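Quick mapping for you: the protein sequence lines, in order, are chains S and B. Letter by letter, the first sequence follows residues 1 to 205 in our numbering. Letter by letter, the second sequence follows residues 206 to 410 in our numbering.
2 protein chains.
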Amino acid sequence: MESPHFSTKERILGAAEELFARNGFAGASLRELTSVAKVNLAAVNYHFGSKDNLVNEVFRRRLDELSAQRLDALARVLAQPETSLEDILAAFIHPALLLSLDTSGGATFVRVLARAYAEHNERLRKFLSENYGHVLKEFAAAFGARLPHLDKEELYWRIDIIAGALTYAMADFGVIKRRASLSDKVHRERAAEHLIRFAAAGLRA
Amino acid sequence: MESPHFSTKERILGAAEELFARNGFAGASLRELTSVAKVNLAAVNYHFGSKDNLVNEVFRRRLDELSAQRLDALARVLAQPETSLEDILAAFIHPALLLSLDTSGGATFVRVLARAYAEHNERLRKFLSENYGHVLKEFAAAFGARLPHLDKEELYWRIDIIAGALTYAMADFGVIKRRASLSDKVHRERAAEHLIRFAAAGLRA
DNA sequence: CGATCGACCAAACGATCGTTTGAATCATAC
DNA sequence: GTATGATTCAAACGATCGTTTGGTCGATCG
Numbered sequence: 001m002e003s004p005h006f007s008t009k010e011r012i013l014g015a016a017e018e019l020f021a022r023n024g025f026a027g028a029s030l031r032e033l034t035s036v037a038k039v040n041l042a043a044v045n046y047h048f049g050s051k052d053n054l055v056n057e058v059f060r061r062r063l064d065e066l067s068a069q070r071l072d073a074l075a076r077v078l079a080q081p082e083t084s085l086e087d088i089l090a091a092f093i094h095p096a097l098l099l100s101l102d103t104s105g106g107a108t109f110v111r112v113l114a115r116a117y118a119e120h121n122e123r124l125r126k127f128l129s130e131n132y133g134h135v136l137k138e139f140a141a142a143f144g145a146r147l148p149h150l151d152k153e154e155l156y157w158r159i160d161i162i163a164g165a166l167t168y169a170m171a172d173f174g175v176i177k178r179r180a181s182l183s184d185k186v187h188r189e190r191a192a193e194h195l196i197r198f199a200a201a202g203l204r205a
Numbered sequence: 206m207e208s209p210h211f212s213t214k215e216r217i218l219g220a221a222e223e224l225f226a227r228n229g230f231a232g233a234s235l236r237e238l239t240s241v242a243k244v245n246l247a248a249v250n251y252h253f254g255s256k257d258n259l260v261n262e263v264f265r266r267r268l269d270e271l272s273a274q275r276l277d278a279l280a281r282v283l284a285q286p287e288t289s290l291e292d293i294l295a296a297f298i299h300p301a302l303l304l305s306l307d308t309s310g311g312a313t314f315v316r317v318l319a320r321a322y323a324e325h326n327e328r329l330r331k332f333l334s335e336n337y338g339h340v341l342k343e344f345a346a347a348f349g350a351r352l353p354h355l356d357k358e359e360l361y362w363r364i365d366i367i368a369g370a371l372t373y374a375m376a377d378f379g380v381i382k383r384r385a386s387l388s389d390k391v392h393r394e395r396a397a398e399h400l401i402r403f404a405a406a407g408l409r410a
C-alpha cells in the first residue's frame, strides 16, 4: 500500500488515512492499521502517543495546506474589481477538488473529512474548530457582503446546506456511481461545476 | 428514558435509536444499550438474534411509514393539474420534517438516518437499497419529467446533492446552532422552507 | 572498542466487545 | 396443581480493543 522508502511515521499516517476513510475512526483498529503500514503494533503509541492524537495528526497533515490554499484563493478573488458568488464558491471548492485529485492520499483524505462531519465526536470537532474554524468565518463574511438581502440567520442556513452538500459530493457519498467511461478527474471536475452552479443559484434565490 | 409500560422489544428499539444516533452503530455497545432500556444484556440476542439485525429493525420500524407517506405525497402532487418542482421537493421533505418533529423517537431517528448515509456499512446499505430504493427512483422520475433540459447524468448529480443536503440539514449536522429563541418546530420548518427554495433554484439553474 | 540513545520488536496487560449458556421465573392451559 | 412454553436472568465465553512493558537492534560519537 505504502512504499517502504517512506518513514515509519509517514507509513502510519498513510495507512491511518486509508483505514479511517474506509472504516471510520473507531472502526479502524491499530492492529489492522499497523499491519497495512508494515510497522510494529507499538509504533503508533511510540510515535504519536495515542490513537486519538494520531487522528489529529492525520488532519493536520492535510488541513494546514488546504486551509491556506482556500484563504489564498479567497483573497485573490476578493482583490478583483468584481467578485461573483461563483468566484467565492470556487475559491472554497477548488482546493478541495485539487486535493481529491491528489493520487498520494489526498483523495482518500477527503473521505476522512466527510467522516469527521458525520461522526459527532466532540473531541475531534473541538480540535477542528479551534484550528481551522477561522476559514469558514472568512468565507461566511465574503458571502454575506454580497447577499445583503439575506439576514444573518438565513445566510447561515444556506452556507450550512452548501457545506453539507460539498462534503457529501466530494466524498462520493452518493449512491449514483460515475459512469465507467469517465475518468475520475473528469468526474470530480463536473461535480465541482455542478455544485458551484447549484449553490450560487440557491444562494441568490 | 423509556417508560416501563413499553414491552421489552419496544424499550430495546427505543434505546437503540437513541444510542445509534448519539454514538453510531459500532460505537453503541449492547451493554450500555440494555442498561438504558432497563433490560437484561441477553435480551437483544433473544428478541432480535444479533446486533446487526437489531439495526435493521430500528430502520424498518420508521422507514415503512416514512416511505409510504413520501409516495402518498408524491402521488397527490402529481395528480394536480400542474406540479411544480417545489411541490415534488415538499413531498419528499415534509414527511421527514414531520418525523423530525415527532417527540416519541422520530426526531432521534432522523439522526440515525444520517448516520446510515455517513457510515459506508455495506451490509446496511444493501438492506436499505433493497427495501426502500424504489422510493428514490420514483422521485427521480418525477424530477426528470419536469427538467427535460437536463441529461440523465446531470439530473442524477443534482438529486444526489439534494439528498445529501437534506440529510445534512434534517439531522442538524451543521455547526451553526439554532437561536435559542426559536422553538425546535419553527427551526425545522424554516430549514425545510430554505431547503426547498434552495434546491428548486439549483435544479432549475 | 564501548557507551549512548532513538527506533523497533514480541509479548503481555486489563478492559470491553457481541454472543452463548443454563437455570430461574412467569404466564397460560389442562 | 401441575405441566408447558416463553421470557428473563447472572455468569461466563472467546475475541478484539488500545496501551504498556522490557528487551534488542543499529547508528552515532567519544
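Cβ atoms here follow ideal geometry from the backbone N, Cα and C, with glycine treated the same way. These numbers were taken from a predicted model, which means no experiment stands behind them.
Do Val135(S) and Arg188(S) have their C-beta atoms within less than 8 angstroms of each other? no
I think Leu279(B) touches Ala347(B), with their Cβ atoms under 8 angstroms apart; what is that distance to the nearest whole Å? 6 angstroms
Using 8 angstroms as the limit for Cβ to Cβ distance, is His399(B) near chain S? yes
Verify the CB distance criterion: does Tyr168(S) have a CB-CB separation below 8 angstroms to chain B? yes
Kindly indicate which residue of Ala220(B), Ile401(B) and His399(B) has the alpha-carbon position closest to the one of Ser309(B). Ala220(B)
Contained alpha helix (DSSP H) runs [length at least 4] in the stretch 276 to 358 of chain B, N- to C-terminal order: 290 to 306, 311 to 323 and 327 to 351
When the Cβ atoms of the stretch 108 to 126 of chain S are set against those of the stretch 18 to 27 of chain S, are three or more pairs found closer than 8 angstroms? yes
Members of the stretch 229 to 246 of chain B that neighbour chain S once the beta carbon cut-off is set at 8 angstroms: Gly229, Ala231 and Gly232
Is the beta carbon of Ala370(B) closer than 8 angstroms to that of Ala200(S)? no
Could you compute how far the alpha carbon of Leu352(B) sits from the alpha carbon of Tyr361(B)? 11 angstroms
Excluding the 5 residues flanking Ala397(B) on each side, which residues of the same chain have their C-beta closer than 6 angstroms to its C-beta? Ile298 and Leu302
Are the C-beta atoms of Ile88(S) and some chain B residue less than 8 angstroms apart? no
Determine the closest residue to Ala233(B) out of Arg320(B), Ser212(B) and Leu333(B), with distance taken between C-alpha atoms. Arg320(B)
Is there a C-beta anywhere in chain B that falls below 8 angstroms from the one on Ile93(S)? no
Taking only the alpha-carbon atoms, compute the straight-line gap between Ser67(S) and Tyr132(S) and give it to the nearest angstrom. 7 angstroms
From what residue to what residue does the alpha helix (DSSP H) around Ala43(S) run? Ala43 to Phe48
Within a Cβ cutoff of 8 angstroms, which residues of the same chain sit near Asn245(B), ignoring the five residues on either side of it in sequence? Thr239
List the residues of chain B whose Cβ lies closer than 7 angstroms to the Cβ of Phe198(S), in chain order. Arg363, Ile366, Gly407 and Ala410
Would you tell me roughly how many angstroms separate the C-alpha atoms of Glu327(B) and Gln80(S), rounded to the nearest one? 47 angstroms
Residue burial classification, Phe168(S) (beta-carbon count within 10 angstroms, cutoff 16): First, the amino acid is wrong: residue 168(S) is Tyr here, not Phe. Tyr168(S) comes out buried.
Report all residues from its chain with a CB closer than 6 angstroms to the CB of Arg47(S); omit the five preceding and five following residues, and keep chain order. As written in the sequence, residue 47(S) is His, which differs from the Arg given in the question. Result list for His47(S): Lys9, in chain order.
Span of the alpha helix (DSSP H) holding Val244(B)? Run containing Val244(B): none; DSSP gives neither H nor E here.
Would the beta-carbon of Met170(S) fall within 8 angstroms of that of Ser100(S)? yes
Looking only at its own chain, which residues have a Cβ that is under 8 angstroms from the Cβ of Phe198(S), when we skip the five neighbours before and after it? Ala165
His194(S) in three-state terms, based on DSSP: helix
I need the DSSP call for Ala376(B), collapsed to helix, strand or coil. coil
Under the rule that 16 or more other beta-carbon atoms within 10 Å means buried, what is Ser386(B), buried or exposed? Bear in mind that a pLDDT of 49 at Ser386(B), under 50, signals an unreliable position, so the number given afterwards is only what the model happens to contain. Result: exposed.
If we ignore side chains and look at the alpha-carbon of each, how far apart do Glu448(B) and Leu218(B) end up? The question about residue 448(B) has no answer, for chain B in this structure spans 206 to 410.
Determine the extent of the alpha helix (DSSP H) in which Gly219(B) is found, giving its start and end residues. Thr213 to Asn228
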